[in-house]
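The UniProt record's numbering puts the first residue of the sequence shown at 1, with every later residue one more than the last.
Ideal Cβ placement from N, Cα and C applies to all residues, glycine included.
Bear in mind the structure is a predicted one, so any value in this text is a computation, not a measurement.
The structure under discussion appears below in the form of structure tokens.
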Amino acid sequence: MPPLRSLFLSSRLPPLNPLRAFEATARRGSVSAAARELNVTHGAVSHQIRALELSFNAPLFERGGKRLRLTPQGALLLPAVTHAFAEIAAATAAMTRPATSGELTVTCVPALLSFWMIPRLHLFTEQFPDVQLRLIASNDEANLDSPDVDVCLLYGDGNWQDCWSRLWSRLELFPVVSPTLLNMRPLRSIRDIRDHMMLHGDDGREWNTWLAAADAIDFQRGRQHFMSDARLSTEAALHNQGVALGDTITAGSLIARGELIAPFDLTVPANDAFFVACRNEVRAAPIVRVFIDWLFAALESDPMPELQMSARTIIRSRMSKPEDAGRNTTPKSLQPRSAPRNRRPERPQKRKIKS
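Put into structure tokens, the structure is as follows:
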């Protein structure tokens, strides 16, 4: 009997269907399993394998037992067939894959760009190495009308005219401070905030929202600095300049690494949220679609737990304890929450951030 390799070289290749039946049967270990995978009858698979064996004048399976075993000839054939099918599948995917090369211009809320997107940028580059990104720190909705901008990641209400937009993530707010500053000047209660510099990433409305939820809107404030966006106020907190308002998306990884601490277990929802938006005519472009899909996939795969759930549980359990009856359990007396350096914080949702 001539070697199998000689048969291949001296004759035409066998038909595709018998090869598919052989590969599926060898991989699954039975004709019935192969038939289910290929969505054909048991008899059809048996017929295809028999035709292939006749074309080679060699048995490919040892019959007998519940699981089929390959003969030496079948074991020689299988790697070649498996590799060929894999190559065909890869070529087919390459032919049908949308064009994902070229330059993409993206505007993004400054804090979100610095603290969330850039640390994860390598993940996008590894998946789409032929896409060149042009990233602009901005929360200006006017970029939606610019022909020079492809995708916008904005903080707002999502009600922008004549464009496509989709909610990306909601936000909750909570104070953040560096562990160094906290060691020098403790935050034993909300009243102790007046001994720290209050860092604003807007005109003061965010802090007012959080203090109102803490029933401390009228407490006497100390020194305050106002900055143009949350990226600057967060960076100031990192440099021990005071207490800022953070959110899970922009401050979560900093808290997880122990660079910032969330000292209180109270979070409040922001008025607006993060949205992905672009012009209607741009959305259909393959390069835009893959970037938008990546944004949502990256957010979905973020493993950090929800701080807001832990916070609300703590507040409920404290307020429901029988021994607390008759004592002042209003948020004014909230105790600082510790943030272990080796433990990810549990995640709040999101926050108002102006460019």
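- Using a Cβ distance threshold of 8 Å, glutamate 141 and leucine 121 do not count as a contacting pair.
- Under the three-state reduction of DSSP, tryptophan 116 is assigned to helix.
- The segment 183-194 and the segment 293-300 do not touch, with fewer than three beta-carbon pairs separated by less than 8 Å.
- Between methionine 198 and tryptophan 210, the C-beta gap is not smaller than 8 Å, which leaves the two residues out of contact.
- Residue pairing from DSSP places arginine 166 in a beta bridge opposite Val276.
- If you compare the alpha carbons of Ile217, Asp195 and His196 with that of arginine 205, the shortest gap goes to Ile217.
- Counting along the chain, methionine 198 sits inside the beta strand (DSSP E) bounded by residues 198-200.
- Residue state for threonine 107 is assigned as strand, using DSSP reduced to three classes.
- Counting of Cβ neighbours within 10 angstroms places proline 119 among the exposed residues, the total staying below 16.
- Here the alpha carbon of histidine 200 sits roughly 12 Å from the alpha carbon of valine 176.
- Residue Thr180 holds the alpha-carbon nearest to the alpha-carbon of glycine 258 among His83, Ala84, Cys163 and Thr180.
- Annotated as distal: glycine 29 and leucine 70, with beta-carbon spacing of 8 Å or more.
- Looking at the DSSP output, valine 268 bridges to Leu173.
- The Cβ atoms of serine 169 and glycine 158 do not sit closer than 8 Å to each other.
- Pairing threonine 107 with cysteine 163 gives a Cβ-Cβ distance that is not under 8 Å.
- Between the segment 74-94 and the segment 124-136 there are fewer than three inter-stretch CB-CB distances shorter than 8 Å, so the stretches are not counted as touching.
- DSSP, read as helix, strand or coil, puts phenylalanine 61 in strand.
- The beta strand (DSSP E) runs lying completely inside the segment 222-270 and spanning 3 residues or more are 224-226 and 244-246, given in chain order.
- Out of Arg289, Gly156, Pro110 and Pro14, the CA that lies nearest to the CA of leucine 167 is found in Gly156.
- When the beta-carbon positions are compared, leucine 260 and leucine 238 come within less than 8 Å of each other.
- By the neighbour-count criterion, in which 16 or more other beta carbons inside 10 Å mark a residue as buried, asparagine 143 falls on the buried side.
- Between the C-alpha atoms of valine 81 and glycine 64 there is a straight-line separation of about 24 Å.
- CA-CA distance, proline 147 to histidine 42, rounds to 58 Å.
- Sequence-distant partners of alanine 284 (beyond 5 residues in either direction) whose C-beta falls short of 8 Å from its own C-beta are missing from its chain.
- Looking at Thr250, Glu172, Val45 and Val288, the one whose alpha-carbon comes closest to that of proline 269 is Glu172.
- DSSP, read as helix, strand or coil, puts alanine 91 in helix.
- Between leucine 135 and leucine 113 a beta carbon distance of about 6 Å is seen, short of the 8 Å cut, so the two are scored as contacting.
- Your pair phenylalanine 115 and serine 253 checks out as a contact, with CB atoms roughly 7 Å apart and the cut at 8 Å.
- When the beta-carbon positions are compared, glutamine 48 and proline 18 come within less than 8 Å of each other.
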